[in-house]
């Protein structure tokens, strides 16, 4: 056997051993045996003056560099839009459904540094940071010190793969034991390791890369997420190995909760879950904004969590009649407060998360009041199943069941009315300062306050006679109620408590219709055409305004002087226009352009319909432009749009 043949054999064997050790975590040879073969390879390379492209000796890194060279990615590396609430996630699911619907991949969101590796003709050629998504820094020398990725692959086209450079928590702990300057957290440690000019520092911190995406392929169509993960693993890239494929939103929320519980048990720092549309064809249809893919989103977890024991479960009735289980837990310190209660979403949530009385559970402070239970981590011999109620625990009315949710249908049920009043007065709604759920309960019990409009007819004398209501508190509350009459339209819509209409949908509805009167007349087609309104929410909106009592209540509110911000269309440059924005604008962010149109009297639509009168088309305008042209809708470019705004501003002076 000649020297070159022996070298090729050693490279293949050593790379196989490295893959088994660093990627599979299943070493088959001792360190001494590996080192012996490695030393033999080094000697052969010295003798022949040849080093093969995938030789493991390339991983020593090299000398420190003076500065990082800039490199333009073949395909842009987009960042991810973020969600922190269920409402924001539901808006994402609605967009997917409107695009045709599909399945989802749910993965851990690791907190490290994004890197992009390039391969040509089967050989590793370059590693870069993400940078601004278009251009990053060349960190090839630093990445070469990492042994958890292949130097050669079977794919022979040009390839970009994306991963997260991380430092395991156990590795960080071990490093800090002897470090002259201990590192504060794993994220900064990983970023500092890769973006260090000296590859020796990179090697000393022992980062690794967890791969999760195929960013570019020259020879084949990019696959579904499921196929992409399989491709990465087949080619020898290290993945985390946990991805759940889900058919619907309920399964996605279940997968997110599972990740949120299990991330406490893994050795890598995580700060959320990534949800992607699985099908490539649907991704192409949904496309991108100027910053994010519209087919993916990151759900960010709150940082404050703790483990405690469920002592018992009671049931609360909300403003829609929905029953929500409330867990009473062994007191635990969380985010500077002692927590004694935590919420679950519904009875189905109890079953999915396997919650029992006596269970040890993870809780997260998801808002300023009551934390949420994420899942059970341990059962004891005293754990007992939680029973599903058959009647409302407050009014005794028989419950109805919709999916995983239980509902009290009695509109006069006390906690339901109190919750509706409290929601109406809340900061994101009418913003009545000093009005709490306790206040709502007191007014319900002692003054017979049942409807929103009753608040605007409160008698000063009767109010001041209530326990705890002195002269100043009474005057302050009445002043706050009076002040609330001037309210932005989106907050008024949210205050009404329409089923399925959260803050995101309220803002969309306010922008689309511009007044309560216009919203009352909305058709199913108009509602469903909106980006974030699905069929179920559209049905709830139509049912709300078709209810005679709801219509009468809105009339009473308006009669009492409540004046939701109605946009005046007269006189503006876009007065009476129904405008759709499409494509990328250079001078404006989409939100700013929308604001300028509305300030100039126009109405912004999210989709082109028969009522659309104008389309503003930026760069890379797609299907909306095509539809506008097919319908004969007037289309203008950004320059003409700016000209109209400027002329309108001049005319107004």
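Residue numbers (the numbering used here): 4 to 656. Note that the Cβ used here is the ideal one computed from N, Cα and C, for glycine as well.
### Task
Return the chain-ordered list of same chain residues with a C-beta closer than 8 Å to the C-beta of residue 15, the five sequence neighbours on each side being excluded.
none
### Task
Quickly, what does DSSP pair residue 122 with across the bridge? List them, please.
127, 162
### Task
Note down, in chain order, each residue of its chain lying with its Cβ closer than 6 Å to the Cβ of residue 606, except the 5 sequence neighbours on either side.
517, 581
### Task
Please list the segments of the alpha helix (DSSP H) lying wholly inside the segment 191-230, counting only runs of 4 or more residues, in order along the chain.
Secondary structure in the segment 191-230: the alpha helix (DSSP H) runs of 4 residues or longer, each lying completely within the stretch, are 202-208 in chain order.
### Query
Nearest to residue 361 by CA position, among 331, 340, 336, is which residue?
331
### Query
Under the three-state reduction of DSSP, which class applies to residue 573: helix, strand or coil?
Legend: pLDDT at residue 573 = 47, less than 50; position of this residue unreliable, value from coordinates given subsequently. Coil, per DSSP.
### Query
How big is the Cα-Cα spacing for residue 553 and residue 547?
7 Å
### Contact the segment 74-81 vs the segment 250-265: 3+ CB pairs below 8 Å
Under the 8 Å Cβ criterion, the segment 74-81 does not count as touching the segment 250-265, having fewer than three qualifying pairs.
### Where residue 288 sits in the DSSP three-state scheme
helix
### Query
Taking the C-alpha atoms as reference points, what is the distance between residue 515 and residue 583?
11 Å
### Task
Taking residue 636 and residue 567 to be in contact with their CB atoms under 8 Å, please state how far apart those CB atoms are, rounded to whole angstroms.
Going by Cβ atoms, the distance from residue 636 to residue 567 rounds to 29 Å, so no, they are not a contact pair.
### Query
With a CB to CB cut of under 8 Å and the five nearest residues on each side skipped, what residues in its chain are close to residue 98?
289, 297, 534, 535
### Task
Taking residue 73 as part of the alpha helix (DSSP H), name the residues at either end of that continuous run.
Under the DSSP assignment, residue 73 falls outside any alpha helix (DSSP H), being part of the beta strand (DSSP E) whose first and last residues are 73-75.
#### Entry: Cβ shell of residue 334 (< 6 Å), same chain only, five flanking positions each side left out
341, 343
### Message
Once DSSP output is grouped into helix, strand and coil, what is the label at residue 649?
### Response
helix
### Proximity below 9 Å, CB of residue 450 to CB of residue 469
yes
### Query
Can we say the segment 235-243 touches the segment 150-166, given the rule of at least three CB pairs closer than 8 Å?
yes
### Query
Is the segment 123-136 in contact with the segment 175-182, if contact means three or more CB pairs nearer than 8 Å?
Taking 8 Å as the limit for Cβ pairs, the verdict is that the segment 175-182 does not touch the segment 123-136.
#### Entry: Which of helix, strand or coil DSSP assigns to residue 319
strand
### Check whether residue 610 and residue 532 have beta carbons under 9 Å apart
Contact: yes.
### Task
Kindly give me the distance between the Cβ atoms of residue 115 and residue 167, rounded to whole angstroms, as I take these residues to be in contact under 8 Å.
4 Å
### Query
Helix, strand or coil: which one does DSSP assign to residue 412?
coil
### Query
Under three-state DSSP, which class holds residue 535?
coil
#### Entry: alpha helix (DSSP H) runs wholly inside the segment 331-366, at least 4 long, in chain order
350-355
### Query
Is residue 642 helix, strand or coil when you go by DSSP?
helix
### Query
With DSSP run on the structure shown, which of helix, strand or coil describes residue 31?
coil
### Query
Where are the beta strand (DSSP E) runs, 3 residues long or more, that stay fully inside the segment 407-481, in chain order?
408-411
### Query
Is the Cβ-Cβ distance between residue 107 and residue 255 less than 9 Å?
yes
### Query
So what's residue 12 in DSSP terms, helix, strand or just coil?
Secondary structure of residue 12 (DSSP, three-state): helix.
### Length-filtered (4 minimum) alpha helix (DSSP H) runs lying within the segment 534-566
538-549, 551-562
### Query
What does residue 46 pair with, by DSSP beta-bridge criteria?
DSSP lists no beta-bridge partner residue for residue 46.
### Task
Name the one or two DSSP bridge partners that residue 141 has.
131
### Query
residue 37 bridges to which residues according to DSSP?
In the DSSP output, where bridge partners are listed per residue, residue 37 has none listed.
### Query
Beta-carbon separation of residue 357 and residue 328 under 9 Å?
no
#### Entry: Chain-order list of residues whose beta-carbon lies under 6 Å from that of residue 127 (same chain, five-residue window excluded)
154
### Query
What number of angstroms, rounded off, separates the C-alpha of residue 545 from the C-alpha of residue 354?
Distance between the alpha carbons of residue 545 and residue 354 is about 33 Å.
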